[in-house]
Amino acid sequence: MTHSPHQLQLTEDGRLKHFLTTEGLSKALLTEILDTADSFISTQERSVKKVPLLRGKTVVNLFFENSTRTRSTFELAAKRLSADILNLDISKSATSKGETLMDTLWNLEAMYSDMFVVRHADSGAAHFIAEHVTPNVAIINAGDGRHAHPTQAMLDMLTIRRHKDSIEGKVVAIVGDILHSRVARSQIHALRTLGAAEVRVIGPGTLLPNDIEAIGAKPFYRMEDGLKDCDVVIMLRLQKERMQNALLPSEGEFFKLYGLTEQKLLLAKPDAIVMHPGPINRGVEIESAVADGNQSVILNQVSYGIAVRMAVMAMAMSGQQQSANLITNEEA
Amino acid sequence: MRYCLIEGARLLDPANNLDTVADVYIADGKIQAIGHKPAAGEIETSINGAGKLLIPGLIDLGAHLAEPGFSQKGSIATETKAAARSGFTHICALPDTKPVTDSSAVVQLIQEKAAQAGYAEVMPLGAATQGLQGEQLANMFSLTEAGCPALSNARQPIKDSYVLQRVMEYAATYGIRLFLSANDTTLADGCMHAGPTATRMGLDGIAETAETIALAQILLMAEQTGVQLHISQISCARSINMLQQARERGINVTADVPLANLVYTDEAVNGYNSQFNVLPVLRSEADRQALLTAVNNGELAISSNHRPHEIAAKKAPFSDAEPGMSLFDCFLPLALKLIAAGELEWNAFIKATSQIPATVIDLAGIGLAEGNYFNAALVDVDATVDLSQLYSKGENIPCADEALSGVVNALFVNGAQVL
Chain A
1265 MTHSPHQLQL
1275 TEDGRLKHFL
1285 TTEGLSKALL
1295 TEILDTADSF
1305 ISTQERSVKK
1315 VPLLRGKTVV
1325 NLFFENSTRT
1335 RSTFELAAKR
1345 LSADILNLDI
1355 SKSATSKGET
1365 LMDTLWNLEA
1375 MYSDMFVVRH
1385 ADSGAAHFIA
1395 EHVTPNVAII
1405 NAGDGRHAHP
1415 TQAMLDMLTI
1425 RRHKDSIEGK
1435 VVAIVGDILH
1445 SRVARSQIHA
1455 LRTLGAAEVR
1465 VIGPGTLLPN
1475 DIEAIGAKPF
1485 YRMEDGLKDC
1495 DVVIMLRLQK
1505 ERMQNALLPS
1515 EGEFFKLYGL
1525 TEQKLLLAKP
1535 DAIVMHPGPI
1545 NRGVEIESAV
1555 ADGNQSVILN
1565 QVSYGIAVRM
1575 AVMAMAMSGQ
1585 QQSANLITNE
1595 EA
Chain B
18 MRYCLIEGAR
28 LLDPANNLDT
38 VADVYIADGK
48 IQAIGHKPAA
58 GEIETSINGA
68 GKLLIPGLID
78 LGAHLAEPGF
88 SQKGSIATET
98 KAAARSGFTH
108 ICALPDTKPV
118 TDSSAVVQLI
128 QEKAAQAGYA
138 EVMPLGAATQ
148 GLQGEQLANM
158 FSLTEAGCPA
168 LSNARQPIKD
178 SYVLQRVMEY
188 AATYGIRLFL
198 SANDTTLADG
208 CMHAGPTATR
218 MGLDGIAETA
228 ETIALAQILL
238 MAEQTGVQLH
248 ISQISCARSI
258 NMLQQARERG
268 INVTADVPLA
278 NLVYTDEAVN
288 GYNSQFNVLP
298 VLRSEADRQA
308 LLTAVNNGEL
318 AISSNHRPHE
328 IAAKKAPFSD
338 AEPGMSLFDC
348 FLPLALKLIA
358 AGELEWNAFI
368 KATSQIPATV
378 IDLAGIGLAE
388 GNYFNAALVD
398 VDATVDLSQL
408 YSKGENIPCA
418 DEALSGVVNA
428 LFVNGAQVL
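Chains as they are written, first to last, in the numbering used here: chain A, 1265 to 1596; chain B, 18 to 436.
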């Protein structure tokens, strides 16, 4: 029996026990993540940055796909929660068969791990792992294929909330390669749940999925139309291989049509903020003057990333423990 | 003469305008009498058919039997036993075995294994190209001489239009029927239907144009070459329209739809359940409805597209799992579910699984009529089927948790009771 991701990631009383996707989670729960992250921002500003919430717990960073930045922030978040952390980089070729992936998981479980932070090139991989590991191991999705990157989305939500006071009623434009973007999908779900007035996606037809309206985003093919009166502009990173797969003619033409320049930014509201999940391709997605300009909050996103990951890890572990206690009490 | 008597069953066979409660007398493998006692002879055995349906044996136009070459997934014995559970008396086995069914020796091996197993009669589909590589013609004439009712390239691509045309021309020369899948592999780089569900789940989608563009090419070439053509495993509404238009232009073309595409839509993939990773992919509700209408109108056969897998083949993230469903154990119960829901008519089901397939592969004497070989299933429609006990070696059954009904109490293949 399989479960939808949002069913799988909650305890019976609706608390977080895995964090696989922002889809299907309630506004209250997403807000709780943001509030908890807010509280961790203050602890990060202290001289002693550690809190003991995950003391004695073992977190495994299970990365089947390279990502130095995301892995580092999860590692730092786990350490600041006082967890022991093990970093494992596993090439996809070593686990191309499901059987081998299961072997890897069972071995890690046998080491009494408490949490897996999973990055994988296949959509649904974190969900698969959450379904097949023993109970009481929390799974945090650190990016699976094109499906979801929920912690990145939540740090973006935190960034918007801290700079625009609220997400409710805001018009948000996401620009670039929506087709391949797990970040965009997670952002769209979170923005809709948290009350954004409109979520727009802007890109050429080759990079916009046909059915994007089905998840609550409005497609635009021209920056001039999509940026008009936006409160938030989120630029996505463009992978160079998109040029080789006949999805785009060249970086130059992409920048000409979809690169964020000071001039194009004038179409948005005067106080609009500019975001980017990084690392930035200057002159491809965004010009330096905008990336470094006073409307850019790109560096703040990085700082908030650690607090959001601490919040999610702490909440998932708490939910797991509560489930375990409930089971123990029922058995008693 | 010594008879086997099936007593008091409801006989259902649209090919013979039968929907009546009657006794059936069988001897020498054939139906000797329906509804009246033969003048001479005695009853050797009798089976009480009261309250049950007697329907013609099901004929499958496309199944993967896993043998030779994939013993971890199944064998001809296990898979034909599972097929018997759903009333199949004849099965066309797809040629993507290991070795590929592109030689008389492999054809003979499959036939011998099936005869040893003693369940359904297996008719191997020979490979249209050597090794299914899509480049060189297989020994097409020799394969039909060896007993292949038709040739197929399974879902493997044919290299280019030139080779496809040569395959058709050669087949047309000798009156060989081709079973072709419409699938433009350059557009089919995905693992589910391209639609809102794929977009939301971040899975690579296969648009219907991957099927319809290939179908258009095949139909145009069939028109040119005059080949006897059957399209295997269509999945979308547009394909039905194209087939109708082709028939109006005088092209003699038949087609089948896998049962899974009549039962499920792409939304079944929600939750990343790898059991629903199948080819052709499960499409939209509008496609499913159009396919059901075509079946009810008598335009399409239904195939099993049965493909057994071991647990490990499916225990992987969705896109890494091997495509295919183990359908034989639950084929009849799933079809009965459609019938019970009013989506599929009984007569249309029998026509799509027996009458049309028999025509496609030139199988004479099928159906519940005096003088025909007795190929039939006695079905208890209301009995709950126990899917915790699978006959197929495949673990990839899509409906293991469902309460389904429809039990085959007895199955006769060419007059011999095999179940």
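C-beta: ideal position from N, C-alpha, C; glycine also.
Interface residues of chain B around Phe1327/A at Cβ under 9 Å? Those within 9 Å of Phe1327/A in chain B number zero; the least Cβ separation is about 15 Å.
Just by C-beta distance, which residues in the segment 1376-1394 of chain A are closer than 8 Å to chain B? His1384, Asp1386, Ser1387, Gly1388, Ala1389, His1391 and Phe1392
Short CB-CB distance (under 8 Å) between Met1366/A and chain B: yes
Mind checking if Pro1473/A is an interface residue toward chain D, Cβ cutoff 8 Å exclusive? Of the protein chains in this structure, namely A and B, none is chain D.
For Trp363/B and Cys165/B, what's the separation of their Cα atoms in angstroms? 30 Å
Under a Cβ-count criterion, where at least 16 other Cβ atoms within 10 Å of its own Cβ denotes burial, should Thr1332/A be classed as buried or exposed? With fewer than 16 neighbouring CB atoms inside 10 Å of its own CB, Thr1332/A falls in the exposed class.
Grab me the residues of Pro350/B's own chain with a C-beta within less than 6 Å of its C-beta, minus the 5 sequence neighbours each way, in chain order. If we look at Pro350/B and ignore the five residues flanking it on each side, its Cβ neighbours are Val402, Leu421 and Gly423.
Beta-bridge pairing of Gln292/B - partner residues as DSSP gives them: The partner list for Gln292/B (beta bridge, DSSP) is empty, contrary to what the question assumes.
Beta-carbon separation (whole angstroms), Asn1325/A vs Leu1350/A, contact threshold 8 Å: 7 Å
Around the Cβ of Lys115/B, are there at least 16 other Cβ atoms within 10 angstroms (buried) or fewer (exposed)? So Lys115/B counts as exposed.
Applying the 10 Å Cβ sphere with the 16-neighbour rule, what's the burial state of Pro31/B? buried
For the segment 1406-1435 of chain A, list every residue whose C-beta sits within 9 Å of some C-beta in chain B, in sequence order. Along the segment 1406-1435 of chain A, the positions whose C-beta sits under 9 Å from a C-beta of chain B are Asp1408, Gly1409, Arg1410, His1411 and Ala1412, read in chain order.
Could you confirm whether any beta carbon from chain B is found closer than 8 Å to the beta carbon of Ala1437/A? no
Contact belief for Glu228/B with Cys253/B at Cβ below 8 Å, rounded distance in angstroms: 6 Å
Give the range of the alpha helix (DSSP H) segment to which Ile1403/A is assigned. It is not in any alpha helix (DSSP H) - Ile1403/A instead sits in the beta strand (DSSP E) that spans Ala1402 to Asp1408.
Span of the alpha helix (DSSP H), counted from its first residue to its last, around Asp1420/A: Pro1414 to Lys1428 is the extent of the alpha helix (DSSP H) around Asp1420/A.
Comparing alpha-carbon positions, which option in Pro1399/A, Met1366/A and Pro1541/A lies nearest Asn1564/A? Pro1541/A
Would you check if the segment 370-382 of chain B and the segment 76-83 of chain B touch, i.e. whether three or more CB-CB distances between them fall below 8 Å? yes
Buried or exposed for Cys416/B, please, with buried defined as at least 16 other CB atoms from any protein chain shown within 10 angstroms of its CB. buried
Let me know if Gln250/B comes out buried or exposed under the rule of 16 or more other beta-carbons within 10 Å of its beta-carbon. buried
Please report the distance separating the alpha-carbon of His1396/A from that of Arg300/B. 27 Å
Verify the CB distance criterion: does Arg1449/A have a CB-CB separation below 8 Å to chain B? yes
Could you confirm whether any beta carbon from chain A is found closer than 8 Å to the beta carbon of Tyr136/B? no
Our contact map puts Ala211/B next to Ile257/B with C-beta atoms below 8 Å; I'd like the distance itself, whole angstroms only. Rounded, the Cβ-Cβ distance is 19 Å, inconsistent with contact.
What in chain A is Cβ-close to Leu220/B, meaning under 8 Å? Here the neighbours are Ser1387, Gly1388, Gly1409, Arg1410 and His1411.
Taking only three categories from DSSP, how would you classify Met1265/A? Its pLDDT being 47, under 50, Met1265/A is placed unreliably by the model, and the measurement read from it follows with that caveat. Reduced to three states, the DSSP call for Met1265/A is coil.
So that I know if they touch, is there some Cβ in chain A lying closer than 8 Å to that of Ala56/B? no
Beta-carbon of Arg217/B versus every beta-carbon of chain A: anything under 8 Å? yes
Could you tell me how far apart the beta carbons of Ala1417/A and Phe1338/A are, in whole angstroms, since I believe they sit closer than 8 Å? The pair is not a contact, with the Cβ atoms about 15 Å apart (cut-off 8 Å).
Would you list the residues sitting across from Cys21/B in a DSSP beta bridge? Ile43/B and Thr62/B
Measuring straight from C-alpha to C-alpha, what distance separates Cys1494/A and Gly222/B? 31 Å
Are there three or more Cβ pairs, one per stretch, closer than 8 Å when the segment 1574-1584 of chain A is compared with the segment 1340-1348 of chain A? yes
N-terminal and C-terminal residue of the alpha helix (DSSP H) that Ser1303/A is part of: Segment Lys1291 to Gln1308, the alpha helix (DSSP H) holding Ser1303/A.
Whole-Å CB distance - Val123/B paired with Ile93/B, under 8 Å assumed: Actually they are not in contact, since the Cβ atoms of Val123/B and Ile93/B sit about 12 Å apart, beyond 8 Å.
Return the chain-ordered list of same chain residues with a C-beta closer than 7 Å to the C-beta of Gly1569/A, the five sequence neighbours on each side being excluded. Thr1337 and Leu1419
Can you find the residues in the same chain that come closer than 8 Å, C-beta to C-beta, to Ile175/B, ignoring five residues on each side of it along the sequence? Ala145, Thr146, Gly151, Leu181 and Val184
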